[in-house]
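Student: In our numbering, the protein residues as written are 89 to 377.
#1: Residue range of the alpha helix (DSSP H) that residue 271 falls in?
#2: Just to confirm my understanding: we take residue 235, look at its own chain, exclude 5 residues before and 5 after, and list those with CB closer than 8 Å. What are they?
#3: Check whether the Cβ atoms of residue 92 and residue 194 sit closer than 9 Å, and answer yes or no.
#4: Of the choices 172, 97 and 366, whose alpha-carbon is the least far from that of residue 284?
#5: Drop a sphere of 10 angstroms on the beta-carbon of residue 175, count the other beta-carbons inside from all chains shown, and report buried for 16 or more, exposed for fewer.
#6: Helix or strand or just coil, what does DSSP make of residue 246?
#7: Mapping the DSSP letters down to three states, classify residue 94 as helix, strand or coil.
#8: Give the C-beta separation of residue 189 and residue 163 to the nearest angstrom, bearing in mind that I take them to be a contact with Cβ-Cβ under 8 Å.
#9: Can you find the residues in the same chain that come closer than 8 Å, C-beta to C-beta, to residue 131, ignoring five residues on each side of it along the sequence?
#10: Taking residue 97 as the reference, give the member of 289, 161, 325 and 210 with the closest Cα.
#11: Grab the span of the beta strand (DSSP E) containing residue 217 for me, first residue to last.
#12: Skipping 5 residues on each side, what residues in its chain have a beta carbon closer than 8 Å to that of residue 305?
#13: Restricting to runs no shorter than 3 residues, where is the beta strand (DSSP E) found entirely within the segment 174–201?
#14: Should residue 115 and residue 347 be called a contact, given that it needs their Cβ atoms to be closer than 9 Å?
#15: Leaving out five residues before and five after residue 233 in sequence, what residues of the same chain have Cβ atoms less than 8 Å from its Cβ?
#16: For residue 121, which of helix, strand or coil comes out of DSSP?
#17: Please state the DSSP three-state secondary structure of residue 334.
#18: Run through DSSP, which three-state label would residue 307 get?
#19: Considering only residues of the same chain and omitting the five flanking positions on each side of residue 256, which have a CB-CB separation below 6 Å?
#20: If you draw a straight line from the alpha carbon of residue 118 to that of residue 111, how long is it in whole angstroms?
#21: Going by DSSP, what residue range makes up the beta strand (DSSP E) through residue 324?
#22: On the DSSP letters alone, give me the boundaries of the beta strand (DSSP E) that residue 134 sits inside.
#23: Could you compute how far the alpha carbon of residue 125 sits from the alpha carbon of residue 136?
#24: Assign residue 226 to one of three DSSP states: helix, strand, or coil.
#25: Within a Cβ cutoff of 7 Å, which residues of the same chain sit near residue 326, ignoring the five residues on either side of it in sequence?
#26: Mapping DSSP to helix, strand and coil, what is residue 153?
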């Protein structure tokens, strides 16, 4: 199975200033490493679709080996009219447009521990789980301010959004329609104070709405509570744990050390390379047992 990660760095500079030095925190780097290597071991090839800043960064750390399908700087031409503060995940959509279906799109903070072939068989569209329509996160159409025409009226606003941290796109025509419609929305939207609602509408809610309108079956790998059960061995999604780690150094270091131990156990050759990365080296200086 063809899969890809993506990394568009313009939102980083929108938050931190154009003179900032681009870096990725150690816990995110380690999760990215596990995400790439476990996908390759269990499922197939994976590429990194990014911009030149991200490619240069991964190259400087010696990490381009993670992606056996290459590191491709294809996100340089995202139009400046795309508000990087509001649409911080727009790079995923442009990467999907470039990569094309059939494929699997994986966030760098998402790990797939097992083979998905049987679970994907016969499906056209799958994401990790659906989400509740919480009004403060998924508001109605009246919440969006547009400066260009965009058809919100033909969409079914009762359809549950689809979390796209792990997504399978098996239908090429529908995938192209989804991506182009999401890009049209981002280009039509006026800058917003609450960028979250705009971004996840374009990326997640619009996906399920368009699938319903096109009669493309949308399936889910599991429901949200199941994802976080202690006995669940298929997937790990770090998203909900990031804020805790950022405010609790013990949890941060503990997580990074657990990742390093897993890498030393499952991917010892890669671990030897990672030990040479200064920001990661301390987490590998621990006994495996």
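Yeah, the Cβ is synthetic: ideal placement off N, Cα and C, and Gly gets one too.
Tutor: Looking at the atomic coordinates:
#1: 260–276
#2: 276, 277 and 278
#3: yes
#4: 172
#5: buried
#6: coil
#7: strand
#8: Not quite, the Cβ-Cβ distance comes to about 18 Å (not below 8 Å), so this is no contact.
#9: 89, 91, 192, 200, 203, 204 and 205
#10: 161
#11: 213–218
#12: 211, 212, 213 and 299
#13: 191–194 and 198–200
#14: yes
#15: 277, 278 and 280
#16: helix
#17: helix
#18: strand
#19: 192, 208 and 214
#20: 13 Å
#21: 323–325
#22: 134–138
#23: 12 Å
#24: coil
#25: 119 and 197
#26: helix
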